[in-house]
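Just so you know, the sequences run in chain order A and B. Sequential numbering from 1 applies to the first sequence in this note's numbering. Sequential numbering from 1 applies to the second sequence in this note's numbering.
There are 2 protein chains.
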Amino acid sequence: MPKAPTVDDVARAAGVSRQTVSNVLNAPEIVKGSTRERVESAIAELGYRPHSAARMLRTRRSSTIGIHLDPYAGGVSGVVLDRFIHAVTERASARGMRMLVYVARTPEEELDRLAELTERAEIDAVVITGTFHGDPRTGWLSERGVPFVSFGRPWGADDLAEPSHSWVDVDGAAGARAATRHALVTAGPRVGFFGWPAGSGTGDDRERGWREAMADAGAAGPRFEAADGLALARKRMSGAFAEPGALRELDALVCVSDAHAVGAHLAAGDGGRRSLPVFGFDNTPVAEALGLSSIEQSPELVAAAVLDLLMGATGHAVRDRGAPAEHVLVEPRLIVRG
Amino acid sequence: MPKAPTVDDVARAAGVSRQTVSNVLNAPEIVKGSTRERVESAIAELGYRPHSAARMLRTRRSSTIGIHLDPYAGGVSGVVLDRFIHAVTERASARGMRMLVYVARTPEEELDRLAELTERAEIDAVVITGTFHGDPRTGWLSERGVPFVSFGRPWGADDLAEPSHSWVDVDGAAGARAATRHALVTAGPRVGFFGWPAGSGTGDDRERGWREAMADAGAAGPRFEAADGLALARKRMSGAFAEPGALRELDALVCVSDAHAVGAHLAAGDGGRRSLPVFGFDNTPVAEALGLSSIEQSPELVAAAVLDLLMGATGHAVRDRGAPAEHVLVEPRLIVRG
DNA sequence: GTGCGTGATTTGAACGATCAAACCCAGCCG
DNA sequence: CGGCTGGGTTTGATCGTTCAAATCACGCAC
Chain A
1 MPKAPTVDDV ARAAGVSRQT VSNVLNAPEI VKGSTRERVE SAIAELGYRP HSAARMLRTR
61 RSSTIGIHLD PYAGGVSGVV LDRFIHAVTE RASARGMRML VYVARTPEEE LDRLAELTER
121 AEIDAVVITG TFHGDPRTGW LSERGVPFVS FGRPWGADDL AEPSHSWVDV DGAAGARAAT
181 RHALVTAGPR VGFFGWPAGS GTGDDRERGW REAMADAGAA GPRFEAADGL ALARKRMSGA
241 FAEPGALREL DALVCVSDAH AVGAHLAAGD GGRRSLPVFG FDNTPVAEAL GLSSIEQSPE
301 LVAAAVLDLL MGATGHAVRD RGAPAEHVLV EPRLIVRG
Chain B
1 MPKAPTVDDV ARAAGVSRQT VSNVLNAPEI VKGSTRERVE SAIAELGYRP HSAARMLRTR
61 RSSTIGIHLD PYAGGVSGVV LDRFIHAVTE RASARGMRML VYVARTPEEE LDRLAELTER
121 AEIDAVVITG TFHGDPRTGW LSERGVPFVS FGRPWGADDL AEPSHSWVDV DGAAGARAAT
181 RHALVTAGPR VGFFGWPAGS GTGDDRERGW REAMADAGAA GPRFEAADGL ALARKRMSGA
241 FAEPGALREL DALVCVSDAH AVGAHLAAGD GGRRSLPVFG FDNTPVAEAL GLSSIEQSPE
301 LVAAAVLDLL MGATGHAVRD RGAPAEHVLV EPRLIVRG
């Protein structure tokens, strides 16, 4: 393995100084055209690439962004986050940034990881996902001045008008509203909602969309709930559908997740109504496989927005804090099937 | 933001020299007990962490491993790789390594990414996934002396006896054999196989397992095939089951993937035989949701094996090449459902 | 008493880049 | 003709760590 060429090797080959080579790379506009070309061809000739550790050391920037990898929970969802991570990585790459992934089982453990990564200067910024009420991460990051953007709103009093940090989220209420409206038009007025127990932010937001659409239409429908998980959801709805007439008196069901939707769909099938229109959330492969409608979150759009907030619309480095907290609310898209 | 403490700060606080602090961190055994304690408490006191860029620059090691993120194909599988990446990251973290992810749409693009990452010294090693016949990556990496291990065998002449590089894979034939045997015992002798078109390595390997189990039992069954994708699979089997008696004369079906299995399951349902025992591969959430049996690949075991090959059983740095090429074949596990 | 070996610690240099300031050289003005 | 300006380029210092070699302290044998 021949030693990799350094900036000095290039300088010698091009008959200029170190710094000029550095300038060609970092501030080409200040170098005279003819010398720039000479240096560029020397770079190409030698196959030179700047040694990133040296650059990091001097500039005190790692050009790396950290992101947490959620454990595989074995459930139906999860795909959304995987798509999101992929999209963020792609976007980051296009802006000359790298993505470092880390794992942690609890928020506390995540703070440990983050402390290590930031204090060793391995990352310049963080993308956090799945924010929740009283999330310890946001305050911690703000205090230490670590630039970050969250996929998920702060769930505080004033998310929209005066957010405590930059965030991007999908407008769950709008998604549920779209699904509910579609159901009202195509199936009938008795559209139910199948959600998580109250208090989960995301779930409440989606439920609100259903409520609003129903109120607008002057319609009413039952609300069911179950904790996360396909099996639980199926059991819950099997119970509900066992009530005489319950299944017959329902025109459609909007669900808080694809897991819930699949559970409800299977329960409806068991109850002899395989064709009950069911709407899920996340547009996972399972919903696709079973031909269920679902709300597509467009994690690619979220990813693009996250990087815009983190680096500015065209920047090639993380914005230093001091930049105002902004947010982006992505409009989801209803995918109709079945 | 107060300036982060350096090794010099710690040295001063502990009344020793730079190098002694460094030794406490990197070779504690050569430092006298009393001084070590003094230095350790100074480290704790100041909250010192070594600056990774400086260390990288000097040691010429980044302690970082690169891994490719597959694009979200929208299909049923993909979960296996996500679980694998998560597990690798966890294992790497435990050994003091970091994981850097990158994306690429084609193998050629992947080589570009790898060239950049290795030449800038951002990564010490690579984990590649989804190897195939004539994969350009393995040769490229070997030539350049970049340490790597693949999840997926080399698919060459002498994979097992004389592999051209270290690899870990799941024993697909064993998995299919287990499923077939189980089907023969619980369902009947007419066990079919639903595979990919021949030539895909992985698919051929799994099919071989079915063939062997059938031959051992002196049984015979039909073979079907379809390209990847749930919709295609369903259509193919709907066609097959339309033949008079075809569905009745089948006791069970072993499939090359969960997508195939789900397609076959749905087609069987359409044909009036919802209870046809179907066996998938990958144990994805969809199979779980529909109550189909499937073969669990245990990506966590694969991940552990990959890091063992890359770093040695207990090492804390990537083994330099010169280490012999080894391989590990992980035994998959049949998950019976329905 | 001198020399030697050994374990513990310190010193100087180096890794490869960028920053900050100095330098050089035309061209222009007074 | 001296001084000033400013674009283009070079020089020296620096980021924080580890390597390699030097130094130191101490006990022991001759």
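Backbone N, C-alpha and C define an ideal beta-carbon position, used for all residues, glycine too.
In the displayed model, T129(B) falls within a strand according to three-state DSSP. Between the region 254 to 263 of chain B and the region 281 to 293 of chain B, the count of C-beta pairs closer than 8 Å reaches three or more; the two stretches touch. The region 55 to 71 of chain A makes contact with the region 118 to 127 of chain A, as at least three CB pairs between them are under 8 Å. With the criterion set as a beta carbon lying under 8 Å from some beta carbon of chain A, the members of the region 82 to 103 of chain B are D82, R83, I85, H86, T89, E90, S93, R98, M99, L100, V101, Y102 and V103, in sequence order.
With a cutoff of 7 Å on beta-carbon distance, A246(A) and R236(A) are scored as not near each other.
The Cβ-Cβ distance between V254(A) and T186(A) does not fall below 7 Å.
Here the alpha carbons of A305(B) and P154(B) stand approximately 16 Å from one another.
The region 165 to 234 of chain A contains, as complete beta strand (DSSP E) runs of 3+ residues, the segments 167 to 170, 191 to 195 and 223 to 225 (chain order).
L276(A): not part of any alpha helix (DSSP H); DSSP gives it neither H nor E. DSSP places A252(B) inside the beta strand (DSSP E), whose first and last residues are A252 to C255. Proximity of V21(B) to chain A, defined by a Cβ-Cβ separation below 7 Å, is not satisfied. A distance below 8 Å between beta-carbons, with the five flanking residues on each side excluded, links S293(A) to the following residues of its chain, in chain order: A179, H182, P277, V278, F279, G280, A287, L334, I335, V336, R337 and G338. Under the DSSP assignment, I65(B) falls in the beta strand (DSSP E) whose first and last residues are T64 to L69. Counting only runs of at least 3 residues, the region 6 to 91 of chain A fully encloses the following beta strand (DSSP E) elements, listed from N- to C-terminal order: 64 to 69. Minimum Cα-Cα distance from E143(A) among the listed residues A121(A), A115(A) and F132(A) corresponds to A115(A). In the three-state reduction of the DSSP assignment, A313(A) falls in the coil class, being assigned neither a helical nor a strand state.
Contact between the region 230 to 244 of chain B and the region 201 to 209 of chain B is absent, with fewer than three C-beta pairs closer than 8 Å. A direct Cα-to-Cα measurement between R223(B) and V302(B) gives close to 30 Å. Against P197(A), chain B offers no close residue; the least beta-carbon distance is about 22 Å (beta-carbon pairs closer than 8 Å). With respect to G156(B), G130(B) sits apart: the two C-beta atoms are not nearer than 7 Å.
When beta bridges are read from the DSSP output, F148(B) appears opposite V126(B).
Close partners of L69(A) in chain B (Cβ separation under 8 Å): I85, H86 and T89. Identification of residues in the region 146 to 168 of chain A having a C-beta nearer than 8 Å to some C-beta of chain B yields an empty set.
For the set F132(A), R36(A), V149(A) and Q297(A), the Cα lying nearest the Cα of H327(A) is the one of V149(A). Here the alpha carbons of E296(B) and L184(B) stand approximately 19 Å from one another.
Residues of chain B whose Cβ lies closer than 9 Å to the Cβ of V306(A) do not exist; the shortest such Cβ separation is about 16 Å. The C-alpha of V16(B) lies about 27 Å from the C-alpha of A53(A). Counting only the Cα atoms, H265(A) lies some 27 Å from F194(B). Rounded to the nearest angstrom, the Cβ distance from A13(A) to E45(A) is 7 Å, consistent with a contact under 8 Å. Sixteen is the threshold: when 16 or more other Cβ atoms of the shown chains lie within 10 Å of the Cβ of T138(A), as they do, the residue is buried. DSSP places A115(A) in the helix class (H, G or I) of the three-state scheme. Rounded to whole angstroms, the gap between the alpha carbons of D112(B) and L141(B) is 12 Å.
Close CB contacts of P332(B) within its chain, under the 8 Å cut and outside five residues either way in sequence, are with V170, D171, G172, A174, G175, A178, I295, E296, Q297 and S298 (chain order). Cα atoms of I85(A) and H86(B): separation of roughly 12 Å, rounded to the nearest angstrom. One alpha carbon belongs to A220(B), the other to G272(A), and they sit about 37 Å apart.
If you draw a straight line from the Cα of R91(A) to the Cα of N23(B), it comes to about 40 Å.
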